[in-house]
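Participant: Numbering (our numbering), first residue to last: 1 to 266. C-beta atoms are modelled at their ideal positions from N, C-alpha and C, and glycine is treated no differently. Predicted model only: the values in this text are computed from it and were never measured. Can you keep this structure in mind? I'll have questions shortly.
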Ligand code: SF4
């Protein structure tokens, strides 16, 4: 299991994000999902009776902005020296769980943008989100301020969603999370990128029914682009397996046939 210990990590050279500075706003793994493929291990902080522990799992907004400011101030004169002469492409909300679960996410997003504007104006502010809060108007407003929204959608039907992403009650949100609510929320967000991780095996989401239903959801959401990929490291479950490149290409062909832009990351 890999957990980030710091608020700031990297910059790292990422397949999808170029040179990206990670912004981890959760101290240990706190998530509204328990995806079978999660590289952070299984989600255990999800019960209402450990809410005290959950509330201590978020750095304060001041701690987060101070850490980013410190990095930005110290790198402003050496931006061309991050790695092989590249400038920083993205400051990316990602890390030990779902960033939008932070109770001050809206305020933090605003502050991060201000720091970026002042010190790193050529860098985008991006989020990798599991979409579980996409139906929340406050989160929708906060997400709309960012440059790039990369939102998860692995399942095309409720059955796959419940078994593959395993949404959990009691992680900040107490209502049941359904795929329908998520799809409705994603439809309301402008200019999003969908990210989808496919696997096979007895619990994988790569099967005809799920892929067919998933394409229908993508058509409703109308994203700018879909990023499709498979496992590239150990998963939390042994019941899922990596896809062949040719299988990802089959999914891409289906998206192509619908006129939906997509990219394979393999
Ligand atoms: S949404 Fe992300 S952090 Fe949460 S369980 Fe799934 S893969 Fe892990």
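Who are the Cβ neighbours of residue 97 in its own chain at under 6 Å, not counting the five residues just before and after it?
Facilitator: 26, 29, 30, 31
Participant: Using DSSP with H/G/I as helix, E/B as strand and the rest coil, what is residue 165?
Facilitator: helix
Participant: According to the neighbour-count rule (16 or more other Cβ atoms, all chains shown, within 10 Å of its Cβ), is residue 37 buried or exposed?
Facilitator: buried
Participant: Excluding the 5 residues preceding and the 5 following residue 80 in the sequence, name in chain order all residues of the same chain whose CB lies nearer than 6 Å to its CB.
Facilitator: Unreliable placement is indicated for residue 80, whose pLDDT of 46 sits below 50; the coordinate value is still reported in the next sentence. Within the same chain, residue 80 has no close Cβ partners at all.
Participant: So, are the CB atoms of residue 200 and residue 247 less than 9 Å apart?
Facilitator: yes
Participant: Please report the straight-line C-alpha distance between residue 50 and residue 42, rounded to a whole angstrom.
Facilitator: Note that residue 50 scores 49 on pLDDT, short of 50, meaning its location in the model is unreliable; the coordinates nonetheless yield the value given after this. The alpha-carbon atoms of residue 50 and residue 42 are separated by roughly 16 Å.
Participant: Of the residues 57, 58, 91, 229, which one's Cα is nearest the Cα of residue 71?
Facilitator: Among 57, 58, 91, 229, the Cα nearest to that of residue 71 is on 91.
Participant: Which residue spans inside the segment 171-236 form an unbroken alpha helix (DSSP H) run of at least 4?
Facilitator: Note on the segment 171-236: whole alpha helix (DSSP H) runs with a minimum of 4 residues are 179-187, 208-221, in chain order.
Participant: Can you look up residue 245 in the DSSP assignment and give me helix, strand or coil?
Facilitator: helix
Participant: Evaluate residue 62 with the Cβ neighbour count: other Cβ atoms within 10 Å of its Cβ, from every protein chain shown; 16 or more gives buried, anything less gives exposed.
Facilitator: exposed
Participant: In the DSSP assignment, what residue or residues form a beta bridge with residue 125?
Facilitator: Partner(s): 91.
Participant: Compare the C-alpha of residue 232 against each of 224, 242, 146, 22 and name the closest.
Facilitator: 242
Participant: Closest to residue 187 by CA distance: which of 210, 157, 219 is it?
Facilitator: The option with the nearest alpha carbon to residue 187 is 219.
Participant: Quick check on residue 12: does DSSP put it in helix, strand or coil?
Facilitator: strand
Participant: In angstroms, rounded to a whole number, what distance separates the CA positions of residue 176 and residue 167?
Facilitator: One C-alpha to the other measures close to 8 Å.
Participant: Look up residue 132 in the DSSP assignment and say whether it is helix, strand or coil.
Facilitator: coil
Participant: If you check the beta carbons only, do residue 113 and residue 151 fall under 9 Å apart?
Facilitator: no
Participant: Run the proximity test for residue 39: is its beta-carbon closer than 8 Å to any non-hydrogen atom belonging to the ligand SF4?
Facilitator: yes
Participant: Report yes if the CB atom of residue 295 is closer than 9 Å to the CB atom of residue 229, and no otherwise.
Facilitator: The chain is shown from 1 up to 266; residue 295 falls before or after that span and cannot be answered.
Participant: To the nearest angstrom, report how far apart residue 111 and residue 17 are at their CA atoms.
Facilitator: Across the structure, residue 111 and residue 17 are spaced so that their CA atoms are roughly 21 Å apart.
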